[in-house]
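Each residue of the sequence shown is one higher than the last, beginning at 70 in my numbering.
We put the beta carbon where it would ideally sit given N, CA and C, even for glycine.
I have placed the structure first, in the form of structure tokens, so that the comments after it can refer back to it.
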Amino acid sequence: MTLTLHNTLTRARQPFEPLDPSNVRMYVCGPTVYDFAHIGNARPVVVFDVLFRLLRHLYGEDHVTYVRNITDIDDKINERAAESGEDIRDLTTRTAAQFHKDMAALNALSPSIEPRATDHIPHMIAMIERLIGLGHAYEAEGHVLFSVQSDEGYGVLSGRSMDEMIAGARVEVAPYKKDPADFVLWKPSTPDLPGWDSPWGRGRPGWHIECSAMGEAHLGETFDIHGGGIDLIFPHHENEIAQSSCTHGGAPLARYWMHNGFLSVEGEKMSKSLGNFFTVNELLEDWPGEVMRYAMLATHYRQPLDWTNDGLTQAKQSLDRIYRALRALDDVEADEAEVPPSVLGPLTEDLNTPLALTALHDLTTECNKAEREDDKGRFKGELLSAGRLLGLLQEEPDQWLKSKVRKVELGLGEAFGEGVGPDSILDDADIERLITKRINARKNKDFAEADRIRDDLAAKGIILEDGPEGTIWRRG
Ligand code: AMP
Ligand code: ZN
């Protein structure tokens with residue numbers, strides 16, 4: 070099966086041909102660690118996690134290297150530490166640990182390598198020295214700047230003309246810049262700020278050079294895929310390309326550039342002032358991580374994604390349906406099945422996750438209809454392997470369907486009106502006891518009693534479904 074990917078560089082969908090199929094290499098810009106990750110930050114993590122899983126599936130688990138950096142030196146970090154008085158290293162370590170926890174809750178695998186910028190300062194200094202030596206960078210007032218005029222290819226990724234780029238550069242242009250579009254590779258640090266000794270005095274790196282140096286250190290001069298959010302195309306990725314290709318005699322930095330679309334919330338740009346700013350951590354209090362992941366994958370990665378309560382509710386219902394099908398097959402041994410082409414195919418077409426999710430539902434329908442044991446085993450196996458590829462269905466069905474209980478309890482007052490307090494909440498054991506009572510009533514042909522139990526449960530939001538495997542229940 071051929072993998073095709075949309076390449077921002079060529080503005081076209083292209084067949085993916087890795088430089089070395091025994092080591093497919095991907096770099097994705099990681100977080101700047103000074104605060105909780107918001108739900109927009111999670112989008113590239115989830116999108117490129119699907120690609121990482123897909124590449125591992127196609128080329129083998131040991132044949133993919135995924136690097137996602139941690140930016141732990143940045144002005145925003147310095148500002149935050151100065152405000153709170155927290156030690157910078159403590160702030161970045163704590164925030165990075167929180168990021169790991171939140172992303173793991175979204176079923177994102179750890180990348181193969183997660184370099185920290187501050188562990189690569191000598192590498193950055195060496196790269197800057199090479200750029201100066203080659204005439205692509207110059208020192209001015211303790212700063213080192215990249216000279217965009219020295220790079221014929223500058224603008225290749227964003228497709229912007231030099232005039233547009235200058236207009237986009239900061240309004241206030243530093244007097245020491247030869248060209249307004251020149252950007253910082255190194256800048257001086259005051260004694261109260263983090264700094265490293267360098268040929269240009271004590272200072273710290275600019276953001277763009279961090280990724281160029283970490284990419285080179287871990288993936289070499291040219292690698293296969295470079296990813297990030299669409300906002301990073303210019304200037305960050307344009308500048309990464311300029312720095313790396315000029316250091317490497319024109320060799321491209323990456324052959325395929327991929328960018329995820331932006332995420333808005335209920336139709337508006339997410340912002341603290343609008344009150345629609347959500348961290349992953351706080352959303353996880355209300356929604357299982359898998360629901361959040363599903364909601365993300367329901368939109369194609371290149372499209373803008375509107376994060377809504379309705380979308381989350383639908384994602385929850387969709388997952389519940391699949392988990393119910395799996396629970397009904399609890400006693401069936403799953404086959405060691407391949408991911409079915411109906412799911413794999415769309416993923417290989419520029420990560421068409423919405424279509425893959427539709428196929429997952431069709432498979433669920435097959436599961437629900439299956440009568441023969443071998444069909445059940447096959448469909449169950451296919452569902453599970455498709456789920457693994459998408460990073461979904463990682464919970465035990467029973468646990469998943471019961472875990473909903475807690476969520477529903479939180480909203481019971483509203484859902485059931487006044488007077489229905491927590492006292493009337495039935496726990497799992499109560500429900501199962503009543504179901505057994507109802508089964509016995511039916512066995513005794515006391516259908517009135519059986520119906521009464523079912524209606525009582527329904528009044529409390531407990532829905533029973535009688536199927537060939539017996540009665541299953543859920544909180545509606
Ligand atoms: P930052 O920490 O701002 O450098 O962002 C980290 C990653 O999150 C980058 O790849 C950004 O492109 C991405 N990102 C930030 N905000 C959003 C958003 N609202 N929607 C999608 N991606 C975003
Ligand atoms: Zn980067």
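Looking only at its chain, what residues have a beta carbon closer than 7 angstroms to the beta carbon of GLY539, apart from the 5 residues adjacent to it on each side?
Counting from 1 along the sequence shown, the entry for residue 539 is found at position 470. Correct list: empty, nothing qualifies.
Is CYS98 close to the ligand ZN? I mean its beta-carbon at under 6 angstroms from any heavy atom of the ligand.
For this step, residue 98 is matched to residue 29 along the sequence shown. Indeed, a heavy atom of the ligand ZN lies less than 6 angstroms from the Cβ.
Quick one: is LYS246 buried, meaning 16 or more other Cβ sit within 10 Å of its Cβ, or exposed?
Here residue 246 refers to the residue found at position 177 when the sequence shown is read from its first residue. Looking at its Cβ environment, which holds 16 or more other Cβ atoms inside 10 Å, LYS246 is buried.
ASP300 Cβ short of 6 angstroms to the ligand AMP heavy atom set:
Reading the sequence shown from its first residue, position 231 is the one you call residue 300. For the ligand AMP, at least one heavy atom lies less than 6 angstroms from the Cβ of ASP300.
Ordered along the chain, which non-local residues of its own chain (more than five positions away) have a Cβ less than 8 angstroms from that of VAL360?
Walking along the sequence shown from the start, residue 360 turns up at place 291. Cβ neighbours of VAL360 beyond the five flanking positions: LEU381, ALA384, LYS385 and LEU388.
If contacts are defined as beta-carbon pairs under 8 angstroms, then VAL217 and ALA206 qualify, I think. What distance do you get, rounded to the angstrom?
Sequence index remark: in the sequence shown, residue 217 carries index 148 (1-based). Sequence index remark: in the sequence shown, residue 206 carries index 137 (1-based). Contact flag wrong, Cβ pair sits at about 10 angstroms.
Which residues in the same chain have their Cβ closer than 7 angstroms to the Cβ of HIS277, if we skip the five residues on either side of it in sequence?
The residue given as residue 277 occupies position 208 in the sequence shown. Only PHE252, HIS305, ASN308, GLU309 and GLN312 meet the Cβ criterion.
Extent of the continuous beta strand (DSSP E) to which PHE331 belongs
Translated into positions along the sequence shown, residue 331 becomes position 262. That residue, PHE331, is in no beta strand (DSSP E); it is neither H nor E in DSSP.
Can you check DSSP and say which residues form a bridge with ASP375?
Within the sequence shown, the letter at position 306 stands for residue 375. DSSP output for ASP375 lists SER333 as bridge partner(s).
List in chain order: all unbroken alpha helix (DSSP H) runs of 4+ residues lying wholly within the stretch 186-211.
190-202
Outcome for SER454 when other beta-carbon atoms lying within 10 angstroms are tallied against a minimum of 16
In the sequence shown, residue 454 corresponds to position 385, counting from 1. Counting Cβ neighbours within 10 Å, SER454 comes out buried, since at least 16 surround it.
Contact set for GLU483: own chain, Cβ-Cβ below 6 angstroms, skip 5 residues either direction
The residue you call residue 483 lines up with position 414 of the sequence shown. Confidence at GLU483 is low in this model, with a pLDDT of 29, below 50, so its placement is unreliable and no value can be given for it.
Where DSSP assigns a beta bridge to PHE252, which residues make up the other side?
Residue mapping note: residue 252 aligns to position 183 of the sequence shown, counting from 1. Answer is PHE215, bridged to PHE252.
In whole angstroms, give me the CA-to-CA distance for GLY456 and ASN509.
On the sequence shown, position 387 is the one that residue 456 refers to. On the sequence shown, position 440 is the one that residue 509 refers to. Going by the C-alpha atoms only, they are around 37 angstroms apart.
Short Cβ contact (7 angstroms threshold) for THR377 with GLU335:
For the purposes of this step, residue 377 is identified with residue 308 of the sequence shown, where counting begins at 1. For the purposes of this step, residue 335 is identified with residue 266 of the sequence shown, where counting begins at 1. In contact: THR377 and GLU335 (Cβ atoms closer than 7 angstroms).
Going by DSSP, name the residue or residues bridged to ASP535.
In the sequence shown, residue 535 corresponds to position 466, counting from 1. Per DSSP, THR540.
For GLY480, which of helix, strand or coil comes out of DSSP?
As a working mapping, residue 480 is identified with position 411 in the sequence shown. Confidence at GLY480 is low in this model, with a pLDDT of 30, below 50, so its placement is unreliable and the value that follows should be read with caution. Looking at GLY480 - three-state DSSP - the assignment turns out to be coil, as it is neither helix nor strand.
Applying the criterion that 16 or more other CB atoms from any shown protein chain within 10 Å of the CB defines a buried residue, is GLU487 buried or exposed?
Against the sequence shown, residue 487 aligns to sequence position 418. Legend: pLDDT at GLU487 = 25, less than 50; position of this residue unreliable, no value from coordinates given.
Quick one, which of ALA397, LEU416, GLU451 and ALA517 has its alpha-carbon nearest ASP467's?
Along the sequence shown, one-based indexing puts residue 467 at 398. Closest option to ASP467, Cα to Cα, is ALA397.
With DSSP as the reference, please indicate the residues paired to ARG94 in a beta bridge.
Here residue 94 refers to the residue found at position 25 of the sequence shown. For ARG94, which the question treats as bridged, DSSP gives the partners THR134.
Reference GLY536, options LYS438, GLY414 and GLY289, closest by Cα:
For the purposes of this step, residue 536 is identified with residue 467 of the sequence shown, where counting begins at 1. With distances taken between Cα atoms, GLY536 lies closest to LYS438.
Select from GLU418, ARG441 and ALA209 the residue whose C-alpha is nearest the C-alpha of THR71.
For the purposes of this step, residue 71 is taken as the residue at position 2 of the sequence shown. Closest by alpha carbon: GLU418.
Taking 7 angstroms as the threshold (beta carbon to beta carbon), is ASP535 in contact with chain D?
Looking for chain D here will not work: only one protein chain is present.
Using alpha carbons as the reference points, say which of THR368, PHE215 and TYR363 lies closest to THR316.
Translated into positions along the sequence shown, residue 316 becomes position 247. For the residues THR368, PHE215 and TYR363, the minimum Cα distance to THR316 belongs to PHE215.
Quick check on this structure: which residue in THR162, ASN138, GLU198 and ARG149 has the alpha carbon closest to the alpha carbon of SER179?
Within the sequence shown, numbered from 1, the residue matching residue 179 stands at position 110. Closest option to SER179, Cα to Cα, is ASN138.
Should the stretch 149-162 be regarded as contacting the stretch 113-126, the criterion being three or more beta carbon pairs within less than 8 angstroms?
no
Classification of SER553 by the beta-carbon crowding that lies within 10 angstroms, buried from 16 upward:
With the chain running from 70 to 545 in the structure shown, residue 553 is simply not present.
Below 6 angstroms, is the gap between the Cβ of CYS436 and the nearest heavy atom of the ligand ZN?
For this step, residue 436 is matched to residue 367 along the sequence shown. No, the ligand ZN has no heavy atom inside 6 angstroms of this Cβ.
To the nearest angstrom, how far is it from the Cα of PHE485 to the Cα of ALA528?
Mapped onto the sequence shown, residue 485 falls at position 416. Mapped onto the sequence shown, residue 528 falls at position 459. In this prediction, PHE485 has a pLDDT of 27, which is less than 50 and means its spatial position is unreliable; what the coordinates show is noted afterwards. Rounded to the nearest angstrom, the two C-alpha atoms are 9 angstroms apart.
Rounding to the nearest angstrom, what Cα-Cα distance links LEU374 and ASP515 in this structure?
The count along the sequence shown starts at 1 and reaches residue 374 at position 305. The count along the sequence shown starts at 1 and reaches residue 515 at position 446. So the two alpha carbons sit approximately 52 angstroms from each other.
ARG15 CB to nearest heavy atom of the ligand AMP below 6 angstroms:
What the structure shows of the chain is the stretch from 70 to 545, and residue 15 is not part of that stretch, so it cannot be assessed.
Tell me the DSSP bridge mates of LYS338?
Looking up residue 338 in the sequence shown gives position 269. Answer is SER333.
Kindly examine the ligand AMP and report whether one of its heavy atoms sits closer than 6 angstroms to the Cβ of PHE331.
In the sequence shown, counting from the first residue as 1, residue 331 sits at position 262. Yes - the ligand AMP has a heavy atom lying nearer than 6 angstroms to the Cβ of PHE331.
If you reduce the DSSP assignment to three classes, tell me which class ASP293 lands in.
Taking the sequence shown and counting its residues from 1, the one referred to as residue 293 is at position 224. Strand, per DSSP.
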